[in-house]
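J.: My questions will all concern the structure given below.
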């Protein structure tokens with residue numbers, strides 16, 4: 008059970024996808040799951056959309072139901088959590104869930120960047136609405152500006168990637184998610200990694216750590 012966390016824009020999703028390919032993880036991406044619920048227009052999705060528009064996190068009772076289903080379905084696989092847990096209460100509840108199934112946390116990897124760099128990266132994020140590929144104008148640009156390398160579709164920016172919402176999301180992260188650093192440090196499973204540089208640079212740093220834990 009590997010946890011990858013850090014502030015919005017730090018590159019968690021990009022690194023998670025690379026790590027899935029290398030280590031054959033089953034990936035749980037809270038962002039992807041919530042966006043899928045919104046896209047299909049489910050009751051849960053409609054509730055989540057209202058919170059995202061305001062730049063705040065969805066309540067625990069909404070997100071944890073989705074997480075628990077995933078964990079139970081993949082208990083015998085290596086799981087990589089991307090963007091979950093998001094606060095201390097979720098971390099504690101997840102620990103209880105794992106303990107009920109004789110599982111434990113292996114490693115919590117925290118990616119960190121300066122606030123200025125985070126904002127720059129978030130404003131540069133692009134995604135393909137057709138195939139789901141993600142890019143960044145700063146760290147991972149498409150070969151042709153605004154065109155998906157994979158399927159040739161026109162790339163778009165997320166609706167919630169504007170400065171006002173970004174500032175609020177970073178504030179929420181500092182208040183609710185940053186305390187996870189102390190929590191996982193107390194459990195002896197925290198590793199903090201500087202996420203500056205290219206995606207390849209950051210990937211190499213993470214792999215160097217994980218290779219010592221995963222055989």
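Numbering (my numbering), first residue to last: 8 to 222.
Heads up, the beta-carbon is just placed ideally off N, CA and C, and yes, glycines get one too.
Treat the numbers as computed from the prediction; the structure is a model and nothing was measured.
In the DSSP output, what is residue 198 paired with across the bridge?
T.: Sequence index remark: in the chain shown, residue 198 carries index 191 (1-based). As computed with DSSP, residue 198 is found in a beta bridge with 116.
J.: State the CB to CB distance for the pair residue 125 and residue 14, rounded to an integer number of angstroms; the pair is presumed to be in contact (CB under 8 Å).
T.: Along the chain shown, one-based indexing puts residue 125 at 118. Along the chain shown, one-based indexing puts residue 14 at 7. Correct: roughly 6 Å between the Cβ atoms.
J.: Assign residue 144 to one of three DSSP states: helix, strand, or coil.
T.: Residue mapping note: residue 144 aligns to position 137 of the chain shown, counting from 1. Of the three classes helix, strand and coil, the one that applies to residue 144 here is coil, per DSSP.
J.: Here's the rule I'm using: 16 or more other beta-carbon atoms within 10 Å means buried, otherwise exposed. How should residue 142 be labelled?
T.: Taking the first residue of the chain shown as 1, we reach residue 142 at position 135. Buried, since its Cβ has 16 or more Cβ neighbours within 10 Å.
J.: Out of 109, 138, 166 and 171, which one is the CA nearest neighbour of residue 160?
T.: As a first step, residue 160 is located in the chain shown; it is residue number 153 there, counting from the start. Cα-wise, what sits closest to residue 160 is 138.
J.: Which whole-angstrom value describes the C-beta separation of residue 93 and residue 8, a residue pair presumed to lie in contact below a C-beta threshold of 8 Å?
T.: Here residue 93 is taken as the residue at index 86 of the chain shown, counted from 1. Here residue 8 is taken as the residue at index 1 of the chain shown, counted from 1. The pair is not a contact, with the Cβ atoms about 16 Å apart (cut-off 8 Å).
J.: Just to check my reading of the structure: residue 188 and residue 120 have Cβ atoms closer than 8 Å, yes? What is that Cβ distance to the nearest angstrom?
T.: By 1-based counting over the chain shown, the position of residue 188 is 181. By 1-based counting over the chain shown, the position of residue 120 is 113. The pair is not a contact, with the Cβ atoms about 14 Å apart (cut-off 8 Å).
J.: If you check the beta carbons only, do residue 91 and residue 63 fall under 8 Å apart?
T.: Sequence index remark: in the chain shown, residue 91 carries index 84 (1-based). Sequence index remark: in the chain shown, residue 63 carries index 56 (1-based). Result no, Cβ atoms of residue 91 and residue 63 do not sit closer than 8 Å.
J.: Taking C-beta to C-beta, are residue 116 and residue 10 nearer than 8 Å?
T.: In the chain shown, the residue the question calls residue 116 occupies position 109. In the chain shown, the residue the question calls residue 10 occupies position 3. Result yes, Cβ atoms of residue 116 and residue 10 sit closer than 8 Å.
J.: If you count every other CB in all the chains shown that lies within 10 Å of the CB of residue 59, and 16 or more means buried, which is it?
T.: Here residue 59 refers to the residue found at position 52 when the chain shown is read from its first residue. Looking at its Cβ environment, which holds 16 or more other Cβ atoms inside 10 Å, residue 59 is buried.
J.: Would you tell me roughly how many angstroms separate the C-alpha atoms of residue 87 and residue 35, rounded to the nearest one?
T.: Within the chain shown, the letter at position 80 stands for residue 87. Within the chain shown, the letter at position 28 stands for residue 35. Rounded to whole angstroms, the gap between the alpha carbons of residue 87 and residue 35 is 6 Å.
J.: If you draw a straight line from the C-alpha of residue 151 to the C-alpha of residue 206, how long is it?
T.: In the chain shown, counting from the first residue as 1, residue 151 sits at position 144. In the chain shown, counting from the first residue as 1, residue 206 sits at position 199. The straight-line gap from Cα to Cα measures roughly 19 Å.
J.: Could you tell me if residue 219 is buried or exposed, where buried requires 16 or more neighbouring beta carbons within 10 angstroms of its beta carbon?
T.: For the purposes of this step, residue 219 is identified with residue 212 of the chain shown, where counting begins at 1. Around the beta carbon of residue 219, a 10 Å sphere encloses fewer than 16 other beta carbons of the protein chains shown; the residue is thus reported as exposed.
J.: In whole angstroms, give me the CA-to-CA distance for residue 42 and residue 52.
T.: Translated into the one-based positions of the chain shown, residue 42 becomes position 35. Translated into the one-based positions of the chain shown, residue 52 becomes position 45. Spanning the two alpha carbons is a distance of roughly 7 Å.
J.: Provide the residue span of the beta strand (DSSP E) that contains residue 134, from first to last.
T.: By one-based count along the chain shown, residue 134 stands at place 127. Here the beta strand (DSSP E) through residue 134 covers 132-134.
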